[in-house]
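The structure under discussion appears below in the form of structure tokens.
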């Protein structure tokens, strides 16, 4: 019986009505791209092992090799997905000494992928890591493991078996969760009248996610009112950029930039019906200092 | 029990054999893009509420903010999907005063999304609107409704509950269907020996959908035979463009332009194995006058 | 009852545990693109006929009209998918005299699509063709068959009915499998100390699949050791290109090119964390000669 059968769901999506899950659940995220067959092959591998599984693609269009982007997307998405086994493959080190791991978190999910930091921000957000194991048991992988497609040969089969109820300790030896590889990640720094942070994701609208929450902003600048004028200093740029603290896009003129709290509670830069990335020439990783104008 | 259980299906796809539907059905369309996690999150939200739901993505790659394109894609797709709840989110006004609505149509479907005209052409095509209600009941949304992601917080949960059998009057107050926001949309104008129309969609092949049907063309130009030479006058362009009225792409030389009846009964401009958009430098909204050569 | 119910699965993905399939299975591949509604419409048509079907998208982002690319992607993917009915539509000849066909293969699958060579490499890889039939029976298509969307009107309905258990001989007259249209395809040629082959696919990472396997390479150059230096001569290029025979990407410096055995057993050119296509300016169909440096 699936480890995820009849498990009460506590995602925000389930809202008030706690209910029972009825099928093993597997999600997939990768940088494989929608054109190539790799994503469908992972889905096929899961379904060949767990034919009743409900399989959801989180994204296969993550920028190539962008482990940080993948980590952020998992952080955004997994709280809204059913409890299940989540495969993530952004894996420039495939076939080298980096480990394949399964990580069980407090919400009950198991995250499966490379030990390169991809899984850990989402794991923290799902309540933290209970335990981590190596993927080394030949029973839960394909008969041949190639050196370039662990998503198919190692991660998808492990996740399918885990979704069917195989405990993660059957996958291989335990790993000390504190020894797992962690990504370098910027932190929001609260100064006197200034929040110093950095860009962590550029989305397909040209909106830009910053590290940090509204609480960070309030701690740095004091209570905020919609309409408050602010000034951004962007790394590598001379001139400060004026923006408005706004509730949502349509509260400023089309094309105008705004700073707002995105739907995940993050600080975010956008332009109404336009691209903040293009308008302000923003770059991933760029430092951003926020002060009152 | 789902409102869509055991409902006889009358889509063209079901053909002769009327049969019973067995699972709640939800479709999703948006401009969220395949890279970002938003589409998967809407799917997760539906599945958390309606774990047995069959969820189909219509498209998440609609051009950003292109409400008209989304309206046309829904018009094309929904007649071929099972009867169900259909979420559509192209929503530049998210978080402002525009309403969130649920619209029930004669075929039995419920369309859910913003009141910005996105839903109405498809609603007309599914037999017309029976009734429309506001999405204002807190029971059928996520516990927190943010100002920038109503797809997740409002529309997906409403659709999931509706697919499970909640009647749309439970969503909120009724709206007069004639007061819903309608998009400006070009009309095909029949003159003496001339059909004046406009481009309404550029597809990924570079084919171009015009407003109007073959009947419009016949009413303007008289009976049509495959091979008839025609002349197009394009808005903002001096020189007329010669095209042939043809049954399908392969009936003209590779690269040559043709006017044909597309698979939805619309007039369409294409180039055999090439892009009519690139070849004829066509633009969305451009006026097109069709005469015999 | 579905022809695919309770059929023992022998895909590599099922690994050791032979098991029973529980739902009709349909896969979809096309060049329709993720933005347009065509792929979702094919899925809707399948579900309207076979509501219990499990439908998996292989890819809808195949380059427009690239029949060869589609053939290669099917060859890669189908062995890892459950046994089922597989629809493939890359069909520049839609609406002309080319046939619509259903091809049954030794593994038990049925491939459905145009008779333009798209299906045959995958058919060979699934054990070879047992029989082929025309799609001409009006019972297994939509009521109206247009001249430009056979994926919706002809192929998807046929596949759905086949997945539900309709035998392929009910589709129409038999065709001699040796008379089906075959694609021109390069062959790997083993010379004395030289393997002459060609590029057959450029993937989204910028990796490049060559025709031929490691065995071809060994037959031409003798036993291979990881780290062996090689020299490529590319069609239309003067200067030879040095590469290393390597186990996987991470075995060479970032940006450096390598030749390796890909996860399907093919020879493949790549650059570690970069694009071999961009770095070496490679083109589809280009000839490649491999010698020792």
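Residue numbers (our numbering), protein chains in the order written: chain A, 3 to 295; chain B, 3 to 295; chain C, 3 to 295.
Glycine included, each C-beta is placed from N, C-alpha and C at the ideal position.
Predicted model only: the values in this text are computed from it and were never measured.
### Message
Taking its Cβ as the centre, do 16 or more other Cβ atoms sit within 10 Å of residue 228 of chain C, making it buried, or is it exposed?
### Response
Residue numbering aside, residue 228 of chain C sits at position 226 when the third chain is read from its first letter. So residue 228 of chain C ends up on the exposed side.
### Query
Within this structure, are the beta carbons of residue 115 of chain B and residue 67 of chain B separated by less than 8 Å?
Numbered from 1 along the second chain, position 113 holds the residue referred to as residue 115 of chain B. Numbered from 1 along the second chain, position 65 holds the residue referred to as residue 67 of chain B. Result no, Cβ atoms of residue 115 of chain B and residue 67 of chain B do not sit closer than 8 Å.
### Query
On the three-pair Cβ rule with 8 Å, is the stretch 148-167 of chain B touching the stretch 88-106 of chain B?
yes
### Query
Can you tell which of B:262, B:266 and B:167 has its C-alpha closest to the C-alpha of residue 278 of chain B?
In the second chain, residue 278 of chain B corresponds to position 276, counting from 1. Residue 278 of chain B has its Cα closest to that of B:262, out of B:262, B:266 and B:167.
### Query
What number of angstroms, rounded off, separates the C-alpha of residue 145 of chain C from the C-alpha of residue 183 of chain A?
Mapped onto the third chain, residue 145 of chain C falls at position 143. Mapped onto the first chain, residue 183 of chain A falls at position 181. Looking at the two C-alpha atoms, the distance is approximately 58 Å.
### Task
Identify which residue in B:202, B:62, B:40 and B:141 has its Cα closest to the Cα of residue 42 of chain C.
Against the third chain, residue 42 of chain C aligns to sequence position 40. That would be B:62, whose Cα lies nearest to the Cα of residue 42 of chain C.
### Message
Considering only the alpha carbon of each residue, which of A:231, A:273 and A:113 lies closest to residue 29 of chain A?
### Response
In the first chain, residue 29 of chain A corresponds to position 27, counting from 1. The residue with the shortest Cα to Cα distance from residue 29 of chain A is A:113.
### For residue 288 of chain A and residue 179 of chain B, the rounded distance between their alpha carbons
Walking along the second chain from the start, residue 179 of chain B turns up at place 177. Walking along the first chain from the start, residue 288 of chain A turns up at place 286. About 48 Å.
### Query
In chain B, which residues lie with their C-beta within 9 Å of the C-beta of residue 79 of chain A?
Counting from one through the first chain, the residue named residue 79 of chain A turns up at place 77. The answer, in chain order, is 39, 40, 42, 43 and 46.
### Query
Quick one, are the C-beta atoms of residue 252 of chain C and residue 95 of chain A less than 8 Å apart?
Position 250 of the third chain, counting from 1, holds the residue named residue 252 of chain C. Position 93 of the first chain, counting from 1, holds the residue named residue 95 of chain A. For residue 252 of chain C and residue 95 of chain A, yes; Cβs fall inside 8 Å.
### Task
Inspect the beta-carbon positions of residue 75 of chain B and residue 128 of chain B and report whether they are closer than 8 Å.
By 1-based counting over the second chain, the position of residue 75 of chain B is 73. By 1-based counting over the second chain, the position of residue 128 of chain B is 126. Cβ atoms of residue 75 of chain B and residue 128 of chain B: not closer than 8 Å.
### Query
Should residue 83 of chain A be flagged as near chain B, meaning a C-beta pair shorter than 8 Å?
Mapped onto the first chain, residue 83 of chain A falls at position 81. Yes, residue 83 of chain A counts as interfacial toward chain B.
#### Entry: Residue range of the alpha helix (DSSP H) that includes residue 223 of chain C
By one-based count along the third chain, residue 223 of chain C stands at place 221. First-last of the alpha helix (DSSP H) with residue 223 of chain C: 216-223.
### Distance between beta carbons of residue 233 of chain A and residue 293 of chain A, contact taken as under 8 Å
Counting from 1 along the first chain, the entry for residue 293 of chain A is found at position 291. Counting from 1 along the first chain, the entry for residue 233 of chain A is found at position 231. Between residue 233 of chain A and residue 293 of chain A the Cβ distance is about 5 Å, and since that is below 8 Å, they are a contact.
### Task
Can you give me, in chain order, the residues of the stretch 155-186 of chain C that have a beta carbon less than 9 Å from any beta carbon in chain B?
155, 158, 159 and 162
### Message
Looking at chain C, is there any beta carbon in it that lies within less than 8 Å of the beta carbon of residue 49 of chain A?
### Response
As a position in the first chain, residue 49 of chain A is number 47, starting the count at 1. Chain C, which has a Cβ nearer than 8 Å to the Cβ of residue 49 of chain A, makes this yes.
#### Entry: Alpha carbon of residue 57 of chain B to alpha carbon of residue 51 of chain B, nearest angstrom
Indexing the second chain from 1 puts residue 57 of chain B at position 55. Indexing the second chain from 1 puts residue 51 of chain B at position 49. So the two alpha carbons sit approximately 12 Å from each other.
### Backbone secondary structure at residue 77 of chain B - three-state DSSP
For the purposes of this step, residue 77 of chain B is taken as the residue at position 75 of the second chain. Three-state result, residue 77 of chain B: helix.
### Task
In angstroms with no decimal places, state the Cα-to-Cα distance between residue 281 of chain C and residue 273 of chain C.
The residue you call residue 281 of chain C lines up with position 279 of the third chain. The residue you call residue 273 of chain C lines up with position 271 of the third chain. Straight-line Cα distance between these residues: approximately 8 Å.
### Task
Starting from residue 88 of chain A, follow the beta strand (DSSP E) in both directions and report where the run begins and ends.
Counting from one through the first chain, the residue named residue 88 of chain A turns up at place 86. Run containing residue 88 of chain A: 87-91, per the beta strand (DSSP E) assignment.
### Query
Three or more beta-carbon pairs under 8 Å between the stretch 208-228 of chain B and the stretch 189-199 of chain B, yes or no?
yes
#### Entry: Strand pairing of residue 135 of chain A, partner residues [DSSP]
On the first chain, position 133 is the one that residue 135 of chain A refers to. According to DSSP, which records beta bridges pairwise, residue 135 of chain A is partnered with A:104 and A:176.
### Query
Within 8 Å (strictly less), CB to CB, does residue 249 of chain A reach chain B?
Locating residue 249 of chain A in the first chain gives position 247, counting from the first residue. Yes, residue 249 of chain A counts as interfacial toward chain B.
### Message
What are the residues in the stretch 57-79 of chain C lying within 8 Å of chain B by C-beta distance?
### Response
66 and 67
### 7 Å CB neighbourhood of residue 235 of chain A in its chain, flanking five on each side removed
Position 233 of the first chain, counting from 1, holds the residue named residue 235 of chain A. Within the same chain, residue 235 of chain A has close Cβ partners 242 and 291.
#### Entry: Exposed unless 16 or more other CB atoms sit within 10 angstroms - verdict on residue 255 of chain A
On the first chain, residue 255 of chain A is found 253 positions in, with the first residue counted as 1. Looking at its Cβ environment, which holds fewer than 16 other Cβ atoms inside 10 Å, residue 255 of chain A is exposed.
### Task
With a cut-off of 8 Å on the beta carbons, I'd call residue 137 of chain A and residue 102 of chain A a contact; round off their distance for me.
Residue 137 of chain A sits at position 135 when you count from the first residue of the first chain. Residue 102 of chain A sits at position 100 when you count from the first residue of the first chain. Yes, they are in contact, since the Cβ atoms of residue 137 of chain A and residue 102 of chain A sit about 4 Å apart, within 8 Å.
#### Entry: Reduced DSSP category for residue 338 of chain C - H, G, I as helix; E, B as strand; rest coil
Residue 338 of chain C lies beyond the stretch modelled for chain C, which goes from 3 to 295, so this question has no answer here.
### Cα-Cα separation between residue 11 of chain A and residue 82 of chain A, rounded to whole angstroms
Here residue 11 of chain A refers to the residue found at position 9 of the first chain. Here residue 82 of chain A refers to the residue found at position 80 of the first chain. Low per-residue confidence applies at residue 11 of chain A: pLDDT is 45, beneath 50, and the placement is therefore not dependable, though the value from the model is reported in the following sentence. Between residue 11 of chain A and residue 82 of chain A, the C-alpha separation is close to 10 Å.
### Query
Helix or strand or just coil, what does DSSP make of residue 265 of chain C?
Locating residue 265 of chain C in the third chain gives position 263, counting from the first residue. In this structure, residue 265 of chain C counts as coil in the three-state DSSP scheme.
### Task
Using a cut-off of 9 Å between C-beta atoms, extract the partners of residue 93 of chain A located in chain B.
Here the question's residue 93 of chain A lines up with position 91 in the first chain. By Cβ distance, chain B contributes nothing, its closest Cβ being about 18 Å from residue 93 of chain A, past 9 Å.
### Query
Looking at the C-beta of residue 257 of chain C, does it have a partner C-beta in chain A at a distance below 8 Å?
Translated into the one-based positions of the third chain, residue 257 of chain C becomes position 255. No, no contact with chain A.
### Message
I'd like the list of long-range same chain contacts for residue 295 of chain A, defined as Cβ closer than 8 Å, with 5 residues on each side in sequence excluded.
### Response
Locating residue 295 of chain A in the first chain gives position 293, where the first residue counts as 1. 231, 232, 233 and 244.
### Task
At 8 Å on the CB atoms, spell out the chain A contacts of residue 32 of chain C, in chain order.
As a working mapping, residue 32 of chain C is identified with position 30 in the third chain. Correct list: empty, because the minimum Cβ distance to chain A is about 12 Å.
### Message
On the criterion of 16 or more Cβ atoms from any shown chain inside 10 Å, does residue 93 of chain C qualify as buried, or is it exposed?
### Response
On the third chain, residue 93 of chain C is found 91 positions in, with the first residue counted as 1. Buried, since its Cβ has 16 or more Cβ neighbours within 10 Å.
### Task
Work out the CA separation of residue 117 of chain C and residue 173 of chain C for me, nearest whole Å.
Residue numbering aside, residue 173 of chain C sits at position 171 when the third chain is read from its first letter. Residue numbering aside, residue 117 of chain C sits at position 115 when the third chain is read from its first letter. The straight-line gap from Cα to Cα measures roughly 15 Å.
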